[in-house]
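Chain order of the listed sequences is A, B, C and D.
Per this note's numbering, the first sequence starts with residue 1, numbered consecutively.
Per this note's numbering, the second sequence starts with residue 176, numbered consecutively.
Per this note's numbering, the third sequence starts with residue 351, numbered consecutively.
Per this note's numbering, the fourth sequence starts with residue 526, numbered consecutively.
Beta carbons: idealized from backbone N, C-alpha and C, even for Gly.
Taking it in order: structure first as structure tokens, then the write-up.
Protein chains: 4
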Amino acid sequence: MLNGGSSSGKSGIARCLQAILPDPWLVIGVDTLIRAMPVSSRRSVVGIEFASDGAVIVGAQFRALEAAWIEGVAAMAHAGARVIVDEVFLGGAASQQRWQQALGPLPVLWVGVRCESAVAAGREIARGDRVIGQAASQADMVHQGVVYDLQVDTTRTEALACARAVAARAQAAVV
Amino acid sequence: MLNGGSSSGKSGIARCLQAILPDPWLVIGVDTLIRAMPVSSRRSVVGIEFASDGAVIVGAQFRALEAAWIEGVAAMAHAGARVIVDEVFLGGAASQQRWQQALGPLPVLWVGVRCESAVAAGREIARGDRVIGQAASQADMVHQGVVYDLQVDTTRTEALACARAVAARAQAAVV
Amino acid sequence: MLNGGSSSGKSGIARCLQAILPDPWLVIGVDTLIRAMPVSSRRSVVGIEFASDGAVIVGAQFRALEAAWIEGVAAMAHAGARVIVDEVFLGGAASQQRWQQALGPLPVLWVGVRCESAVAAGREIARGDRVIGQAASQADMVHQGVVYDLQVDTTRTEALACARAVAARAQAAVV
Amino acid sequence: MLNGGSSSGKSGIARCLQAILPDPWLVIGVDTLIRAMPVSSRRSVVGIEFASDGAVIVGAQFRALEAAWIEGVAAMAHAGARVIVDEVFLGGAASQQRWQQALGPLPVLWVGVRCESAVAAGREIARGDRVIGQAASQADMVHQGVVYDLQVDTTRTEALACARAVAARAQAAVV
Chain A
1 MLNGGSSSGK SGIARCLQAI LPDPWLVIGV DTLIRAMPVS SRRSVVGIEF
51 ASDGAVIVGA QFRALEAAWI EGVAAMAHAG ARVIVDEVFL GGAASQQRWQ
101 QALGPLPVLW VGVRCESAVA AGREIARGDR VIGQAASQAD MVHQGVVYDL
151 QVDTTRTEAL ACARAVAARA QAAVV
Chain B
176 MLNGGSSSGK SGIARCLQAI LPDPWLVIGV DTLIRAMPVS SRRSVVGIEF
226 ASDGAVIVGA QFRALEAAWI EGVAAMAHAG ARVIVDEVFL GGAASQQRWQ
276 QALGPLPVLW VGVRCESAVA AGREIARGDR VIGQAASQAD MVHQGVVYDL
326 QVDTTRTEAL ACARAVAARA QAAVV
Chain C
351 MLNGGSSSGK SGIARCLQAI LPDPWLVIGV DTLIRAMPVS SRRSVVGIEF
401 ASDGAVIVGA QFRALEAAWI EGVAAMAHAG ARVIVDEVFL GGAASQQRWQ
451 QALGPLPVLW VGVRCESAVA AGREIARGDR VIGQAASQAD MVHQGVVYDL
501 QVDTTRTEAL ACARAVAARA QAAVV
Chain D
526 MLNGGSSSGK SGIARCLQAI LPDPWLVIGV DTLIRAMPVS SRRSVVGIEF
576 ASDGAVIVGA QFRALEAAWI EGVAAMAHAG ARVIVDEVFL GGAASQQRWQ
626 QALGPLPVLW VGVRCESAVA AGREIARGDR VIGQAASQAD MVHQGVVYDL
676 QVDTTRTEAL ACARAVAARA QAAVV
């Protein structure tokens with residue numbers, strides 16, 4: 001479970017994990033969910049709103065679909081799939097609890113993906129396809145009250161090196 | 176459940192359904208799964224191979240991940256999400272049975288999306304991002320032995336009109 | 351030169367032309383220009399605005415860059431490249447004149463790509479990534495006062511068949 | 526003119542330049558050209574071949590279209606557009622000469638975008654959509670014999686900081 005703010009580098013770490021781990025792993029994340037939802041315009045999906053300052057306002061409809069989605073991702077893991085979840089815990093500790101409840105006794109490595117707010121904001125500009133402001137507004141918020149097995153920081157460490165740290169820890173946990 | 180060959184028009188119908196149905200529906204399909212899988216090169220994903228004539232060769236690793244994936248999508252529906260599945264039953268009747276087993280007693284509308292092979296092959300060229308040959312090779316194969324509640328044909332009917340027929344049937348089924 | 355409203359099917363015809371013409375042709379269009387421009391947010395590019403009803407408001411900055419862009423595309427053709435331009439003449443006849451001036455004595459086949467407004471609007475919904483309303487608002491507007499060598503209509507004719515008509519006419523013109 | 530190997534960070538710098546420069550600048554690059562070319566399959570474009578080790582083999586057809594393309598981009602600049610070219614000089618000094626000839630007396634800031642080969646190779650894995658091996662094979666090759674006004678190195682410097690250095694130098698050059 002990779003949790004971090006927008007433009008913190010989670011997806012890059014996830015793809016590196018897919019490349020270096022010996023078994024095939026699925027990468028599923030909040031972006032997968034958003035792509036699956038109805039689009040009422042180029043910018044807004046049902047029950048979620050991207051304010052112009054980068055804040056994300058989540059409504060009841062999104063929460064309901066997200067809850068079913070979490071159940072589904074947990075069921076994939078229960079059914080034997082190896083899953084890397086690429087997530088943004090907008091609710092901090094409350095988000096973690098939602099996942100813990102769904103995942104139950106499954107072995108999970110909780111990984112915090114950190115990136116200094118100013119650096120993440122710069123990378124958001126460099127990506128060119130993001131609402132400016134999300135990186136800064138989420139950088140700390142998504143980690144509040146969350147308990148991790150491991151934290152990595154992409155500010156000065158490459159995604160591949162972060163992925164190697166996560167893989168080493170995951171394999172140690174299995175043994 | 177929308178089943179049809181590549182370039183038969185399933186995804187267009189799915190997006191129209193999202194636009195016209197009163198509640199929010201998720202669209203999840205085999206493309207979502209393929210995007211979640213490790214990419215060993217720009218062209219191949221783990222356990223699946225796209226032959227140059229458009230044939231798709233599915234290996235054991237893909238089958239195993241797909242089985243867990245189907246469990247997960249079924250679990251989303253069990254947890255209350257309304258889901259439009261955008262699928263390609265490469266195994267025909269056997270694929271349908273895999274889904275039936277996972278979905279259990281959930282209400283499902285089985286929809287066959289047909290398109291004349293030559294027309295689908297032309298649309299494949301017009302899309303410009305597909306392996307040429309898939310549309311023709313899948314046009315009939317994916318429907319072999321599959322039992323439907325409704326079939327639509329995009330050869331001469333627009334996606335929106337097909338979606339209206341599906342929505343009407345779905346709402347009749349609920350009542 | 352393919353001119354037509356949003357969701358009229360120009361890009362599909364352009365890709366089919368690339369597939370069936372014996373020589374390699376470049377496809378360049380207004381989408382290429384928009385992708386090259388600075389993005390001030392996920393939705394707006396410099397000097398162009400997409401109103402919520404699908405209208406496109408073009409400002410002076412966009413016009414200036416577009417003028418230089420047209421010169422550049424014309425220069426590619428002058429330098430020997432075969433170019434399919436995939437365009438939306440928001441200014442109708444005035445847009446055509448801008449291109450005529452830049453292209454000078456170069457041989458051009460002017461092709462109008464028509465699609466009934468209601469059908470284009472339905473395809474816009476099926477695409478799922480367009481601002482709803484553009485197809486309807488542009489369907490007739492972009493053809494006002496424009497003079498064509500050939501017109502095709504995608505309402506009931508597939509992109510590949512339209513492309514074949516265009517290719518036949520282009521080759522007849524060369525001979 | 527930004528020249529660097531695949532995954533060296535050129536595109537990120539280009540988008541940051543668009544964000545920080547006071548006037549609107551177009552970003553045009555080899556990716557724009559490749560997207561404009563006919564696709565014979567999902568992987569190969571006319572006259573260019575991506576070997577499985579990341580080498581890029583460029584044929585005569587690609588060279589001819591590229592020459593016309595360079596003329597066109599130069600014409601855009603001559604016509605007044607501010608253009609950031611995001612390029613990969615596969616031919617090193619010979620590529621630079623092709624551009625110099627087309628650009629003539631126009632003011633150009635030649636910028637080399639460097640990235641240590643191993644770091645670029647890691648970022649290539651993290652991107653997930655590139656042919657593995659290009660980053661390493663191009664890291665040094667594209668700079669051979671090329672003369673720069675400025676070089677930046679993304680190995681340990683963020684794209685935004687590199688863009689600021691380029692912008693400062695560009696504005697100094699204007700004065």
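My output table needs one value for residue i: the three-state DSSP class, helix, strand or coil.
| i | result |
| --- | --- |
| GLY362 (chain C) | helix |
| GLU158 (chain A) | coil |
| MET176 (chain B) | coil |
| GLN501 (chain C) | strand |
| VAL481 (chain C) | coil |
| VAL469 (chain C) | helix |
| SER41 (chain A) | Because SER41 (chain A) sits at a pLDDT of 44, beneath the cut-off of 50, its placement in the model cannot be relied upon, and the point is left open. |
| VAL671 (chain D) | coil |
| LEU590 (chain D) | helix |
| ALA664 (chain D) | coil |
| LEU634 (chain D) | coil |
| SER181 (chain B) | coil |
| GLY597 (chain D) | helix |
| LEU615 (chain D) | coil |
So residue i contacts chain A; which residues on that side make the cut at Cβ distance below 9 Å?
| i | result |
| --- | --- |
| CYS541 (chain D) | GLY122, ILE125, ALA126, GLY128 |
CB-CB under 8 Å to residue i, same chain, minus the five flanking residues each way: which ones, in chain order?
| i | result |
| --- | --- |
| PHE439 (chain C) | ASN353, SER445, GLN446, VAL492, HIS493, VAL496 |
| ALA523 (chain C) | PRO457, LEU459, ASP499 |
| ALA77 (chain A) | VAL83, LEU103, LEU106 |
| ILE28 (chain A) | VAL73, MET76, VAL83, ILE84, VAL85, ASP86 |
Looking at the strands, I want to know which residues DSSP matches up with residue i.
| i | result |
| --- | --- |
| ASP554 (chain C) | Residue 554 (chain C) lies beyond the range of chain C shown here (351 to 525); nothing can be said about it. |
| ILE259 (chain B) | B:VAL202 |
| ILE407 (chain C) | C:GLU399 |
| ARG289 (chain B) | B:ASP328 |
Counting C-beta neighbours from all protein chains within 10 Å, is the total for residue i 16 or more, i.e. buried, or is it exposed?
| i | result |
| --- | --- |
| GLN659 (chain D) | buried |
| ALA509 (chain C) | buried |
| LEU542 (chain D) | buried |
| GLY112 (chain A) | buried |
| ILE363 (chain C) | buried |
| SER402 (chain C) | exposed |
| GLY80 (chain A) | exposed |
| LEU376 (chain C) | buried |
| PRO281 (chain B) | Correcting the residue type first, residue 281 (chain B) is Leu in the shown sequence and not Pro. With fewer than 16 other Cβ atoms within 10 Å, it is exposed. |
| ARG289 (chain B) | buried |
| ALA343 (chain B) | exposed |
| GLY584 (chain D) | exposed |
| ARG506 (chain C) | exposed |
| ILE582 (chain D) | exposed |
| ALA139 (chain A) | buried |
| ALA301 (chain B) | buried |
| ALA170 (chain A) | buried |
Whose C-beta lies closer than 6 Å to the C-beta of residue i among residues of the same chain, with five residues either side of it excluded?
| i | result |
| --- | --- |
| MET176 (chain B) | VAL260, VAL283, TRP285 |
| ALA661 (chain D) | SER642, ALA646 |
| PHE412 (chain C) | GLY397, ILE398 |
Since residue i meets chain D, which of its residues come closer than 8 Å, beta carbon to beta carbon?
| i | result |
| --- | --- |
| LEU415 (chain C) | PRO549, LEU551, ALA606 |
| GLN411 (chain C) | PRO549 |
Applying a beta-carbon distance threshold of less than 9 Å, which residues of chain D neighbour residue i?
| i | result |
| --- | --- |
| GLY397 (chain C) | PRO549 |
| VAL119 (chain A) | GLU683, LEU685 |
Can you pull the chain C residues whose beta carbon is under 8 Å from the beta carbon of residue i, in chain order?
| i | result |
| --- | --- |
| THR682 (chain D) | Going along chain C, no residue has its Cβ under 8 Å from THR682 (chain D), so there is no contact; the nearest lies around 22 Å. |
| ALA561 (chain D) | LEU376, VAL377, ILE378, THR382 |
| ALA471 (chain D) | No answer is possible for residue 471 (chain D): the residues shown for chain D start at 526 and end at 700. |
Can you pull the chain D residues whose beta carbon is under 7 Å from the beta carbon of residue i, in chain order?
| i | result |
| --- | --- |
| GLY442 (chain C) | Under the 7 Å cutoff, chain D gives no residues; its nearest Cβ is about 23 Å from GLY442 (chain C). |
| LEU160 (chain A) | GLY647, ILE650, ALA651 |
In chain order, what residues of the same chain have a beta carbon less than 7 Å from the beta carbon of residue i, not counting five sequence neighbours either side?
| i | result |
| --- | --- |
| ALA338 (chain B) | ILE188, CYS191, LEU192, ILE195 |
| TRP419 (chain C) | LEU383 |
| GLY404 (chain C) | VAL481, ILE482, GLY483, GLN484, ALA486, SER487 |
Listing by chain order, which chain C residues have their CB less than 9 Å from the CB of residue i?
| i | result |
| --- | --- |
| VAL598 (chain D) | GLY422, ALA425, MET426 |
Could you work out which residues of chain A lie near residue i, taking near to mean beta carbons separated by less than 7 Å?
| i | result |
| --- | --- |
| ALA243 (chain B) | MET76, ALA79, GLY80, ALA81 |
Any chance the CB of residue i is under 7 Å from a heavy atom of the ligand ADP?
| i | result |
| --- | --- |
| LEU558 (chain D) | No copy of the ligand ADP occurs in the structure displayed, which carries no ligand at all. |
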